[in-house]
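Since the structure comes first, as structure tokens, the remarks are kept for the end.
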Amino acid sequence: MLVTGFDIIFFWVARMMMMGIHFMKDVPFKAIYIHALVRDEKGQKMSKTKGNVIDPLEVIEKYGTDALRFTLASLSTPGRDIRLAESRIESGRNFATKLWNAARFCEMNGCALKPGFDPFTARQTVNRWIAGETVEAIEKATKAFEVYRFDEAANGLYHFVWSIFCDWYLEFAKPLLQGQGDEAAKAETQATAAWVLNQAMHLLHPVMPYITEEIWQSFNATGKLLMREAWPQTSGFEPHIISMTRIRMLILIINNIRSIRSELNVPAGAEIPLIINDASEYFLMIFQEYGGFVKKLARISEIAFNKNIPKGSAQSVIDKMTMALPLADVIDLDVERQRLEKERAKIAEEIARLDQKLNNPQFTDKAPPEVVDEHRERLEAARTMLSGLDAAKARLTA
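All the letters of the sequence shown, read from the start, carry residue numbers 88 to 485 under the numbering used here.
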């Protein structure tokens, strides 16, 4: 296999192929991976004359090798050059820190690999859910690596490790790990958490080899290198669909409440009552079983069912169920409406300006491609922001 940039396909790659066929009567390589060019954060080609060169040794010294490697992998979308900025590499460093802290948390809570442990025999709903999520992550990462979509593999694993494992599973598992259930549930959760972390180290190793090897060695006393271990397999694993559906619905409920709070500038420390109307038996079961998680993770003081919704409540609908947060005593609704209107007008003006510019052939034809791409990205971001402001405004109106 040959790894190269597209700028030398004719001058180097094609000639090697032709000369190999002519002189050796065989192709010199079966596959060619054409990677993107690394540009600066403004999309300009790096040049010593311009002074926009990023020294990889300096970046590695500041953020770490794994952070740089992961960042480049996550940005390697086919057909697009990489715009490298220190802020992106810093994000990769933060991910490595998150991974390290998650491993420390597991170690401090007695999570250790158990020989022969089968996560799909777990009895706890959260453990069944994370086992299924892990299988999906393995399948997606494997497929992405096989077709050289390193960006999809890196970004998918980022979401799985940071959001699903760290932000959700470890929060759900804390009561079990702290012994608030029975000892069997605690032991099962410890083994499950260690197994998930083990699988994550395997999957991340191609893009973050150093930190994953270090964590692997701390959890495995065999002395074998992670790089010599077999790739995770999913054959024979049957995810528990019911458990996965329940926990995913719980996450959706909490995320909706968090979105309302974020959109309407509700103080982070304020605990607010939650009113649930028209909930099906399925949703009632979720609140009955996991209401404590909703209160803790969404900062809810109490949950009431089939109660009149007071004026000044922000609402969200899932299926036919209505969730209402009374906010009249928490925020100034009139001030918040004015703020949203002001921000919306500002964003709408920006969208109109960018739209006009991108529809002008004199700009799109004459401006450098990287400048045009930057304007398109800004337009897309502005439209996303406008959509969020409209949603927040609609909640207040409702």
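Virtual Cβ for every residue (Gly too), placed ideally from N, Cα, C.
Asked, Found
"Is there a Cβ of chain B sitting closer than 8 Å to that of residue 245, yes or no?", "The structure shown contains no chain B; it holds only a single protein chain."
"Could you say which of 225, 470, 108 lies nearest to residue 436 if we only look at CA atoms?", "470"
"Using three-state DSSP, classify residue 120 as helix, strand or coil.", "strand"
"Quick test of the definition: if touching needs 3 or more C-beta pairs under 8 Å, does the region 237-254 touch the region 290-300?", "yes"
"From the DSSP secondary-structure annotation, give me the bridge partner or partners of residue 403.", "410"
"Roughly how many angstroms separate the alpha carbons of residue 114 and residue 133, rounded to a whole number?", "33 Å"
"Compute the distance between the beta-carbons of residue 365 and residue 398, then report whether it is under 8 Å.", "no"
"Using CA coordinates, which residue listed in 448, 429, 463, 444 is at the minimum distance from residue 477?", "429"
"Could you compute how far the alpha carbon of residue 404 sits from the alpha carbon of residue 391?", "16 Å"
"Answer yes or no: do residue 215 and residue 275 have a C-beta to C-beta separation smaller than 8 Å?", "no"
"With distance defined between alpha-carbon atoms, name the residue in 414, 445, 105 nearest to residue 354.", "414"
"Just to confirm, are residue 213 and residue 256 a CB contact at a threshold of 8 Å?", "yes"
"Could you give the DSSP three-state label for residue 358: helix, strand or coil?", "coil"
"Quick check: what's the CA-CA separation for residue 174 versus residue 150?", "10 Å"
"Would you tell me roughly how many angstroms separate the C-alpha atoms of residue 103 and residue 95, rounded to the nearest one?", "11 Å"
"How many whole angstroms separate the CB atoms of residue 479 and residue 427, which I take to be in contact at a CB cut-off of 8 Å?", "6 Å"
"Give me the Cα-Cα distance between residue 296 and residue 281, rounded to the nearest whole angstrom.", "19 Å"
"Go to residue 128, then tell me how far its beta strand (DSSP E) extends in each direction, as first and last residue.", "Careful: residue 128 lies outside any beta strand (DSSP E) and carries neither H nor E."
"Using CA coordinates, which residue listed in 329, 310, 156 is at the minimum distance from residue 182?", "156"
"Measure the alpha-carbon distance for residue 264 versus residue 386 and round it to whole angstroms.", "22 Å"
"Buried or exposed: which applies to residue 370, given that a residue is buried once 16 or more other Cβ atoms fall within 10 Å of its Cβ?", "buried"
"Could you spell out the range, first to last residue, of the alpha helix (DSSP H) harbouring residue 179?", "173-195"
"By DSSP, does residue 228 sit in helix, in strand, or in coil?", "helix"
"Report, in whole angstroms, the separation of the C-beta atoms of residue 122 and residue 100, which I expect to be a contact under 8 Å.", "Not quite, the Cβ-Cβ distance comes to about 12 Å (not below 8 Å), so this is no contact."
"For residue 260, which three-state DSSP category applies?", "helix"
"Please list the segments of the alpha helix (DSSP H) lying wholly inside the region 378-466, counting only runs of 4 or more residues, in order along the chain.", "420-445, 448-453"
"What are the boundary residues of the beta strand (DSSP E) that includes residue 92?", "89-92"
"Taking 8 Å as the threshold (C-beta atoms), are residue 169 and residue 163 in contact?", "yes"
"Label residue 279 either buried or exposed according to how many other C-beta atoms from any shown protein chain fall within 10 Å of its C-beta, with 16 as the threshold for buried.", "buried"
"Just curious, the alpha helix (DSSP H) that residue 317 is in, first and last residue?", "Note, residue 317: premise wrong, no alpha helix (DSSP H); not H, not E."
"Start and end of the alpha helix (DSSP H) containing residue 296?", "296-306"
"Pull up the DSSP beta-bridge partners for residue 170, would you.", "126"
"CB of residue 227 to nearest heavy atom of the ligand MN: below 7 Å?", "The ligand content of the structure shown is nil, which means the ligand MN is not present either."
"Taking residue 383 as the reference, which of 338, 351, 411 has the closest Cα?", "338"
"Ordered along the chain, which non-local residues of its own chain (more than five positions away) have a Cβ less than 7 Å from that of residue 459?", "451"
"Do you know how far the Cα of residue 186 is from the Cα of residue 307?", "17 Å"
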